[in-house]
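Let me begin by presenting the structure, written as structure tokens, before commenting on it.
Chains as they are written, first to last, in our numbering: chain P, 13 to 122; chain H, 259 to 374.
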């Protein structure tokens, strides 16, 4: 079955690192994604990782994938106030169906 | 390059009415996806269209339907509206390759439907 879970909320101080965690259940997922949603806006793809990789780095973003534990994380280095948003992880399952987690609301405090 | 555009931005209907939401994908994208984002419920997959055909459908009743036109734009229709249909409806598009896809979706800003 498919179920993607995330913690609801994360508070972090500006300049610190943020780590957002996600667990998924569909072992056949080929790609896993992180999307960002700012207030009143649609979703913006931040990064994605292919299921045969265990790490991907893109500027301030680091994605770690533990396929054995079906655990995905997104680390944001040097978190800025503009990083305050809701972050969704998602998995691509069979039938091109992208299943999203419930989202983690990140609040960056100055 | 224009992104995914959706209309209307906001729509207010009453129970039992019908709502029609529209989406124009990014030029060159053949796949269109619809998601419902209800308050507190995250994003729920509704429908996937590609090359004019419905390819996959989420766990929604038949009163949620849609279509994709030859120019790849899409409509989502919701019949017999219920209060719990109030949500942000997001459309996304992707370039669909016959060899498969990385699945990257490009989202519009959504249509907010309020059912009174």
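Note that the Cβ used here is the ideal one computed from N, Cα and C, for glycine as well.
Because the structure is a prediction, the values reported are computed rather than measured.
- Residue contact check for residue 269/H against chain P: no CB pair falls below 7 Å.
- For residue 330/H, there is no enclosing beta strand (DSSP E), as DSSP gives it neither H nor E.
- Taking a contact to require three or more Cβ pairs closer than 8 Å, the stretch 45–53 of chain P and the stretch 83–98 of chain P qualify as touching.
- Contact with chain H is found for residue 53/P, since one of that chain's Cβ atoms lies less than 7 Å from the residue's Cβ.
- DSSP assignment within the stretch 21–105 of chain P yields the following whole beta strand (DSSP E) runs of 3 residues or more, N-terminal first: 21–25, 30–35, 43–49, 55–62, 67–70, 73–78, 83–88, 97–105.
- As the crow flies, the alpha-carbon of residue 367/H is around 16 Å from that of residue 58/P.
- Rounded to whole angstroms, residue 65/P and residue 103/P show a C-alpha spacing of 14 Å.
- Between residue 87/P and residue 21/P, the C-beta spacing is not below 7 Å.
- Under DSSP, residue 371/H forms a beta bridge with 269/H, 345/H.
- The beta carbon of residue 288/H is closer than 6 Å to those of 308, 309, 330, 354 in its chain, skipping five residues each way along the sequence.
- Boundaries of the beta strand (DSSP E) harbouring residue 290/H: 289–295, taken from the DSSP string.
- Residue 70/P sits exposed, since fewer than 16 C-beta atoms from the chains shown fall within 10 Å of its C-beta.
- Taking a C-beta distance under 7 Å as the contact criterion, residue 327/H and residue 304/H do not qualify as a contact pair.
- Per DSSP, the unbroken beta strand (DSSP E) holding residue 277/H starts and ends at 277–282.
- Annotation: Cβ neighbours of residue 300/H in chain P (cutoff 7 Å, chain order): 112, 113, 114, 115.
- In this structure, residue 345/H lies near residue 295/H, with their beta-carbon atoms less than 7 Å apart.
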